[in-house]
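So the sequence lines, in the order shown, correspond to chains E and B. Just so you know, we're using the numbering used here here: the first sequence kicks off at 38 and counts up by one. Just so you know, we're using the numbering used here here: the second sequence kicks off at 155 and counts up by one. The beta-carbon is built from N, C-alpha and C at its ideal position, and this holds for glycine as well.
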Amino acid sequence: MYKILIVEDEPEMAKVLREFLARTGFEVFTALGGEKAIEILNSAVKIDFIILDMKMPKVSGIEVLSEMRNKNLTYPFIILTGSIDQDKYIRDIKNMGYPSVEIISKPVDLFELVVIIKNKLDLKRNS
Amino acid sequence: MEENRVGEIAGLEKRLKAAEESLKRLSAAVEQTRDMVVITARDGSIEYANPSFERVTGYSRDEVFGKTPRILKSGRHGRVFYERLWDTILAGDIFKAELIDKKKSDEFYRVEKTVTPIRDNDGSVTHFVSIDRDITGHKEMEKTKRLARLGELAADMAHEVNNPLMIISGNAQLSLMSVSQFPDPEIKNYLETIVRECQRAKTIVQRLLKFSHPSCGRLKETDINITLDMVTGMLEYQFKLDNIELVRNYCWGEALALVDEQQMQEVFINLLNNARDAMPAGGRVEISTYRQNGMVVIEVKDNGCGMPEEVSARLFEPFFTTKEKGTGLGLSVCYDIVRAHKGKLQFKSRAGEGTTFIIFLPEAGRAADV
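Listed below in structure tokens is the structure:
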């Protein structure tokens, strides 16, 4: 079973994502904010995929990605955001050395989100 | 005696000189002010126009001498407006209003107008002095500032609204998953409506954002005929259901313009959807393209209900709508997108006879000479 980490500061949003993904057959971990995400990523849990919110208080999505870069953690991820600074996010993330970035705007159709995640995991398995 | 007379003449000369000086000063003030000053006789015929009038309108004094200010009429104000003007000034009162006039070059400009009646010693009105302040730039600046504020607001709003929207639609989708085990078509339908409407709210937010950030994104040399084919291909089926015939009347060869294709698609979709909405009982939409004076011209013509003057005067105004479910942003977004491409968006419309929207875009690789 694939392990998915949801990084999302808004509890109701995290809950919807967690329940939907759990019902679709994923093992789900939730981090209600960037600090918790970094804690999980540094733990012994081996994550297969990350869904990352950008705008979060204290530790933002960008900071989580920067920490991953520093620790050489190469988990696949997508950005799920309600904010509109997408071009800026893409620039900042590419500047950190990530070769590609996929951003999905909220609200997203959850059935579509699952398809996107499965495709990414298939790509990962085949490579 | 002689000395007195000399003194008197000297006094008169002095007063005459002072009067002359004063007259010169007054005339210099009128000649040099940035406001447009026009003096007309009681019947409206122009007797004087200052250099600012010549500079702004493009008409020389000689050209307008003896004519009436009607030559500046833009057609943007109805008969009632001008009747009110005349009623006011003929009654000896001052008329003040903002209005849109037309230059010799057919370009519109906006002024703050004050017309003051001039009376002779008996108190009867013999002339009028009209002072126009050009506020075209002011309005543009105001609009830019308003848009910048709206942009900030919209960006914040997008984030604040998109999150709850996703929570709502997500919960509806979770419920859909649950009901799929105990199918109840009615509940399924309610839930699907929630999800669909959340997506609609998302597109409204996105349109609002586009409206406040109308700058061009990725500009690419694009064959407008192909873009139109993509858009019409997408809408054709729906139009057929609505009993609307789509007629393509493209120019030969390519109609190349430097555009952000996605934004241009949005413009075409908006115009076509408006055409459809104008024909609830069905009808015909004709899309034509041609090249003219370094421009690619696109016409979207419907034979729908057309627009009365009070609607067409406010057509590009944000949030102005006549549709029950409209946001009032469609056409103002189109207007701003076309302007950001250094193009023009115009329309012709008559109530009961249909509407034609005309887009002018600079042809790729050519400087516009219109």
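Residue i, buried or exposed, once every other Cβ within 10 Å from all chains shown has been counted against 16
i	result
B/Asn316	buried
B/Pro339	exposed
B/Ala429	buried
E/Leu150	buried
B/His495	buried
B/Glu517	buried
B/Asp310	exposed
B/Pro434	exposed
E/Tyr126	buried
B/Pro337	exposed
B/Pro271	buried
B/Ser181	exposed
E/Leu147	buried
B/Ile200	buried
E/Phe66	buried
B/Gly484	buried
B/Val269	buried
B/Val359	buried
Residue i and residue j closer than 9 Å at C-beta
i	j	result
B/Arg238	B/Lys267	no
B/Glu440	B/Val454	yes
B/Leu345	B/Ile378	no
B/Gly497	B/Ala432	no
E/Val53	E/Ala74	no
E/Asp85	E/Leu158	yes
E/Glu49	E/Ala68	no
B/Val192	B/Pro223	yes
E/Gly71	E/Lys40	no
B/Ser228	B/Ile254	yes
B/Lys256	B/Leu226	yes
B/Thr381	B/Met418	yes
B/Phe470	B/Ser486	yes
B/Thr290	B/Lys258	no
B/Ile423	B/Ile513	no
E/Gly62	B/Met320	no
B/Arg114	B/Asp414	The requested residue 114 of chain B is not part of the displayed model; chain B covers only 155 to 524.
Alpha-carbon to alpha-carbon, residue j and residue i
i	j	result
B/Asp113	B/Glu162	Given a span of 155 to 524 for chain B in the structure shown, any question on residue 113 of chain B remains unanswerable.
B/Arg230	B/Cys459	21 Å
B/Phe393	E/Asp129	43 Å
B/Ala308	E/Leu42	30 Å
E/Ile121	B/Cys488	20 Å
B/Val265	B/Thr376	39 Å
E/Glu47	B/Gln500	46 Å
B/Glu157	B/Arg179	33 Å
B/Gly220	B/Gly198	9 Å
B/Arg438	B/Val333	43 Å
B/Thr476	B/Asn457	18 Å
B/Asp396	B/Leu389	11 Å
E/Ile115	B/Ile322	21 Å
E/Glu56	B/Arg350	20 Å
B/Ala173	B/Ala183	15 Å
B/Arg445	B/Ile285	42 Å
B/Tyr391	B/Gln327	28 Å
B/Arg188	B/Lys374	42 Å
B/Ala522	B/Val492	Any reading at B/Ala522 needs caution, since the residue's pLDDT is 42, under 50, leaving its predicted position unreliable; the model's value is listed next. For B/Ala522 and B/Val492, the distance between alpha carbons rounds to 15 Å.
E/Lys83	B/Lys356	35 Å
Per-residue contacts from residue i into chain E (C-beta, under 7 Å)
i	result
B/Ser323	Pro144
B/Cys459	Going along chain E, no residue has its Cβ under 7 Å from B/Cys459, so there is no contact; the nearest lies around 35 Å.
B/Lys356	Pro144
7 Å Cβ cut-off: residues of chain B touching residue i
i	result
E/Ile121	Ala309, Ala312 and Leu363
E/Val53	Ile321, Gly324, Asn325 and Leu328
E/Leu147	Gly324 and Gln327
E/Met50	Asn317, Met320 and Ile321
E/Arg60	Met331
E/Lys92	His313
E/Glu100	Under the 7 Å cutoff, chain B gives no residues; its nearest Cβ is about 18 Å from E/Glu100.
E/Phe57	Gly324, Gln327 and Leu328
Residue i: contacting residues in chain E (beta-carbon distance under 9 Å)
i	result
B/Lys374	Chain E residues near B/Lys374: none, gap ~17 Å exceeds 9 Å.
Nearest-angstrom Cβ-Cβ length linking residue i and residue j, presumed shorter than 8 Å
i	j	result
E/Glu64	E/Met38	5 Å
B/Ser442	B/Ser503	With a Cβ gap of about 17 Å, B/Ser442 and B/Ser503 do not count as contacting.
B/Ile243	B/Phe282	6 Å
E/Ile140	E/Gln123	5 Å
E/Leu117	E/Lys155	Between E/Lys155 and E/Leu117 the Cβ distance is about 16 Å, and since that is not below 8 Å, they are no contact.
B/Gly232	B/Glu408	With a Cβ gap of about 43 Å, B/Gly232 and B/Glu408 do not count as contacting.
B/His292	E/Lys92	Actually they do not touch by this definition, with Cβ atoms about 37 Å apart.
Beta carbon proximity, residue i to chain A, threshold 9 Å
i	result
B/Val349	No chain A appears in the structure shown, which is made up of the protein chains E and B.
Chain-ordered chain E contacts of residue i [CB-CB under 8 Å]
i	result
B/Asn343	None at all; the shortest Cβ gap to chain E is about 17 Å.
B/Cys352	Pro144
Closer than 8 Å: residue i CB and nearest the ligand HEM heavy atom
i	result
B/Ile321	Absence of the ligand HEM is noted for the structure shown, with no ligands found whatsoever.
Partners in chain B for residue i, counting only beta-carbon separations shorter than 8 Å
i	result
E/Glu139	Going along chain B, no residue has its Cβ under 8 Å from E/Glu139, so there is no contact; the nearest lies around 17 Å.
E/Glu47	Asn317 and Ile321
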